[in-house]
Amino acid sequence: MNADDIASLTPTDTDPTPLYMQVAMGVRRLIEGKRWTEQQALPSERQFVDLLGISRVTARSALAQLEEWGLVLRKQGSGTFVATRLEQPLSRLSSFSEELRLRGIASGSTWLSRDVAHANPDEMLALNIGSSTQVARLKRLRTADGATMSIEYSRLPVRYLAQPQKIEVSLYQYLDDAGTPVVRALQRISAVNATIEQAELLGVQSGAALLFITRKGFAADDSVIEYTHSHCIPAVYEFIAELQRTV
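The sequence shown begins at 2 in this note's numbering and counts up one residue at a time.
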């Protein structure tokens with residue numbers, strides 16, 4: 002850290018904000034202002050103590066808060082690093098794995114469930130199918146360079162995915178290889194609060210703000226091929242849209 006960084010992070014007793022939160026907010030400003038870049042190592046707890054004149058408890062609490070916000074990733078035995086942010090252009094249809102691969106980032110999945118069952122009413126409506134149709138259900142945690150990014154829940158008619166266990170990382174790659182690619186999609190983004198279960202899976206507090214993203218993907222014949230919804234840590238996602246004015 003240079004002198005300016007140290008000055009911007011040093012907490013003051015005149016501010017009613019808790020000391021650890023002052024430090025965490027200061028680091029957040031440096032990260033969001035691109036002063037500290039993705040995968041850059043942060044000072045250790047001991048270094049924060051020495052540089053900022055704070056207690057070890059304050060330093061530890063500040064790093065824990067940054068981790069809860071999804072801004073940093075702690076690697077056992079290596080230290081704490083600025084977390085990867087996923088930029089997603091809203092004008093391009095791509096999968097989570099594809100976006101990470103374009104940026105040279107390792108994508109991963111922790112599977113929570115993979116099964117086949119008869120469609121429930123919500124799935125019947127979303128996929129435009131009847132009650133006798135079976136659907137493949139995929140639920141997993143998505144990771145980037147080992148950092149948890151989101152909980153993803155996908156459903157597909159079994160004619161597109163009869164054996165969910167065949168999906169390793171990329172659902173879209175599997176569909177491409179099977180000759181049934183997703184060619185267009187409708188996507189909606191909103192904000193929700195984390196349930197207790199979601200908070201435990203994502204490592205955030207219950208009630209924390211999350212992005213809720215739903216996507217309905219269509220095949221070339223315009224049939225619905227997938228319906229996916231994801232609960233995402235907002236700090237690690239950045240959506241980009243180019244807007245043109247018509248006059």
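Note that CB positions come from ideal geometry on N, CA and C, so glycine has one too.
Have a look at 25, 89, 177 and flag the residue whose alpha-carbon is nearest the alpha-carbon of residue 221.
-> Selection 25, 89, 177 evaluated against residue 221 yields 177 as nearest (Cα-Cα).
Alpha helix (DSSP H) runs wholly inside the segment 108-194, at least 4 long, in chain order = 122-128, 172-178
So, are the CB atoms of residue 139 and residue 165 less than 7 Å apart?
-> yes
With 16 other CB atoms within 10 Å as the buried threshold, where does residue 97 fall?
-> buried
Beta carbon proximity, residue 38 to chain D, threshold 7 Å | Structure shown: chain D not included; a single protein chain is present.
Report the option in 92, 5, 170 whose CA atom is closest to the CA atom of residue 244.
-> The option with the nearest alpha carbon to residue 244 is 92.
Keeping to the same chain, check which residues put their C-beta closer than 6 Å to that of residue 188; ignore five residues upstream and five downstream.
-> 216
Alpha-carbon to alpha-carbon, residue 35 and residue 116 | 42 Å
Beta-carbon contacts of residue 183 that lie in its chain and below 8 Å, excluding the five residues immediately before and after = 94, 173, 176, 218, 219, 220, 226, 227
Hey, how far is the Cα of residue 114 from the Cα of residue 197?
-> 18 Å
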